[in-house]
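Engineer:
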Amino acid sequence: MHFAALAGLSSLRSLAVRGNYRTGAAELEQVVRLTRLQTLLLFDFKAALSLRCQLSRMECMEPLSDLIGLTALSHLALPCVGRAPGGNSRNTIPALERLYTTLVDGLPCLQTLDVLDQLCILLDVEADAASLRALPAAGSPLRELCLRGCMQLGDHAAEALAELTALTKLGSCDTSISASGVRALASAARLRELNLHGNDGVLADAAAALWAINSITDTGLRPLRRLTRLTSLSLDWCSALTNEGIEDHVAPLTQQALSRLSLHRCYRITQDVKVSLHYCIVHGASFSHVPASWPPG
């Protein structure tokens, strides 16, 4: 796409460029002139998943400060988010509520997004527990977080996630969270949707995506009983789980709020488990497939 063609479209409120993987400073210079933009999608997440896209930090990092002037922007999808020069980008995009990206060079740069409500970081293999702790905790408005394919995020990262007190939806597909991490997440009392599945055909090395999540055993599910507000739970690819673990530790949640459970590729679990799940909708290897909603994790 020739971004120069945007000149004169000063009233434009929404812009989506599909199939885009790299947006340089010259292109952004044209975009920031569209000061009424509320939605700016410069990255195609579905294409990234199908192509198993891994972007180079050195090639495409763009600091949020490059978008100064888009004061009405509330929804942004950008391939990579970099640090602002000098590390100061306070109130760069004051209205931004939703941010989807693949790589974040230093999560502290997100602390300037005071009203951020939804954050999706896809396939960032360098994100770790230390970087997660840079996210604001108490008082943060962040309610929905997707960390799909962030393989370095393990049990210490789960402890940091539990400190995000407003979090209601968490997707940690293809991370390295194990049973200990589940115990930490159980303190996130406001969680309503939790996705812990291990692999969805995203990563090039499927075996690598399975090593940690499969360590969640029946007893590892016990802490989930504390999440009494949980309405949706995905345990896909947790191949060590059996009917006993679901009946003992997940079924009690159906007496609270749980209404949807996904057990795809949990090969030791049979349809008999449905008896203990009351009116909960169960999806699994032998059940009909339901497309995933946001967050894509």
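Mapping of the sequence shown onto numbering that gives the first Met the number 0: residues 0 to 296, in sequence order.
All C-beta atoms, glycine included, are put in the ideal place defined by N, C-alpha and C.
It should be emphasised that the depicted structure is a prediction, and the values quoted were computed from it without experimental measurement.
Who are Lys168's beta bridge partners in DSSP?
Structural biologist: In the sequence shown, the residue the question calls residue 168 occupies position 169. Its beta-bridge partners are Glu143 and Glu192.
Engineer: Nearest-angstrom Cα distance between Ala128 and Leu134?
Structural biologist: Numbered from its first residue, the sequence shown carries residue 128 at position 129. Numbered from its first residue, the sequence shown carries residue 134 at position 135. C-alpha separation (whole angstroms): 10 Å.
Engineer: Mapping DSSP to helix, strand and coil, what is Ser10?
Structural biologist: In the sequence shown, the residue the question calls residue 10 occupies position 11. Here Ser10 sits in coil by DSSP.
Engineer: Nearest to Ser261 by CA position, among Thr253, Ser231 and Gln254, is which residue?
Structural biologist: Taking the first residue of the sequence shown as 1, we reach residue 261 at position 262. Comparing Cα positions, the closest option is Ser231.
Engineer: Is it buried or exposed, Ser13, if we count other Cβ atoms within 10 angstroms and call 16 or more buried?
Structural biologist: To locate residue 13, count along the sequence shown from 1; it is residue 14. So Ser13 counts as exposed.
Engineer: Determine whether the beta carbon atoms of Gly153 and Ser175 lie at a separation below 8 Å.
Structural biologist: Locating residue 153 in the sequence shown gives position 154, counting from the first residue. Locating residue 175 in the sequence shown gives position 176, counting from the first residue. Contact: yes.
Engineer: Relative to the alpha-carbon of Leu122, which residue among His282, Thr101, Gln151 and Ala15 has its alpha-carbon at the smallest distance?
Structural biologist: The sequence position of residue 122 within the sequence shown is 123, counting from 1. Among His282, Thr101, Gln151 and Ala15, the Cα nearest to that of Leu122 belongs to Thr101.
Engineer: In angstroms, rounded to a whole number, what distance separates the CA positions of Val31 and Asp217?
Structural biologist: On the sequence shown, position 32 is the one that residue 31 refers to. On the sequence shown, position 218 is the one that residue 217 refers to. Linking Val31 to Asp217 through their CA atoms gives a straight-line distance of about 51 Å.
Engineer: If I'm right that Leu229 touches Cys265 with Cβ under 8 Å, what's the distance once you round it to whole angstroms?
Structural biologist: Mapped onto the sequence shown, residue 229 falls at position 230. Mapped onto the sequence shown, residue 265 falls at position 266. Contact doesn't hold; Cβ gap of about 18 Å is too wide.
Engineer: Check whether the Cβ atoms of Gln117 and Glu143 lie closer than 8 Å to each other.
Structural biologist: Residue 117 sits at position 118 when you count from the first residue of the sequence shown. Residue 143 sits at position 144 when you count from the first residue of the sequence shown. In this structure, Gln117 places its C-beta atom within 8 Å of the C-beta atom of Glu143.
Engineer: Closest by CA to Leu276, which one among Ile215, Asp247 and Glu162?
Structural biologist: Numbered from its first residue, the sequence shown carries residue 276 at position 277. Here the closest residue by C-alpha is Asp247.
Engineer: Just checking my contact of Leu5 with Leu27 at CB under 8 Å: how many whole Å lie between their CB atoms?
Structural biologist: To locate residue 5, count along the sequence shown from 1; it is residue 6. To locate residue 27, count along the sequence shown from 1; it is residue 28. About 11 Å; that fails the 8 Å criterion.
Engineer: Could you tell me the distance, in whole angstroms, from the CA atom of Gly283 to the CA atom of Ser9?
Structural biologist: Position 284 of the sequence shown, counted from the first residue, corresponds to residue 283. Position 10 of the sequence shown, counted from the first residue, corresponds to residue 9. Rounded to whole angstroms, Gly283 to Ser9 spans 49 Å at the Cα level.
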